[in-house]
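Residue numbers (my numbering): 2 to 115.
Pasting the structure below:
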């Protein structure tokens with residue numbers, strides 16, 4: 002039994018209803034703390050950029066077509082944001098793979114985290 006609320010048929014996966022676990026995230030909600038690592042294997046938490054606006058995208062893998070396209074577009078869209086905004090994309094890719102992908106894709110505004 003899960004400690005998380007179930008949201009039956011919250012999304013469709015390949016045309017079939019899928020159940021999601023956990024409460025729905027709503028714009029303005031306070032993000033829960035997290036611990037991930039950057040491309041240099043340094044820890045990053047929500048407190049790392051305390052006092053800044055943090056835009057966080059979570060994707061399965063940067064090596065998938067949709068996530069690749071989304072992250073490239075996100076990088077362009079945030080190019081002119083002030084230094085008071087940090088932009089993270091979190092994926093399950095290893096930091097070394099993220100670093101390679103960022104170099105190949107020219108990603109310089111979004112910080113990838115694993």
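For glycine and all other residues, C-beta sits at the position ideal for the given N, C-alpha and C.
Boundaries of the beta strand (DSSP E) in which residue i is found, first to last residue
i, result
"residue 31", "Note, residue 31: premise wrong, no beta strand (DSSP E); not H, not E."
"residue 72", "Careful: residue 72 lies outside any beta strand (DSSP E), inside the alpha helix (DSSP H) at 66-78."
"residue 96", "Residue 96 -> not in any beta strand (DSSP E); alpha helix (DSSP H) instead, spanning 96-106."
"residue 43", "No beta strand (DSSP E) contains residue 43, which DSSP labels as neither H nor E."
"residue 17", "17-22"
CA-to-CA distance, residue j to residue i, given in whole angstroms
i, j, result
"residue 31", "residue 54", "12 Å"
"residue 58", "residue 16", "24 Å"
"residue 108", "residue 61", "17 Å"
"residue 111", "residue 52", "18 Å"
"residue 100", "residue 21", "30 Å"
"residue 67", "residue 81", "23 Å"
Residue i and residue j closer than 7 Å at C-beta
i, j, result
"residue 19", "residue 26", "no"
"residue 87", "residue 48", "no"
"residue 37", "residue 91", "yes"
"residue 40", "residue 96", "yes"
Continuous alpha helix (DSSP H) stretch holding residue i: start and end
i, result
"residue 51", "Note, residue 51: premise wrong, no alpha helix (DSSP H); not H, not E."
Sequence-distant residues of the same chain with beta carbon closer than 7 Å to residue i, five excluded per side
i, result
"residue 84", "none"
Cβ neighbours of residue i in the same chain (closer than 8 Å, five flanking residues each side left out)
i, result
"residue 64", "94, 98, 102"
6 Å Cβ shell around residue i - same chain, five flanking residues per side excluded
i, result
"residue 89", "57, 112, 114"
"residue 10", "18"
"residue 23", "5"
query: Counting pairs of beta carbons, one from the stretch 73-82 and one from the stretch 39-47, are three or more of them closer than 8 Å?
result: They do not touch, by the three-pair rule.
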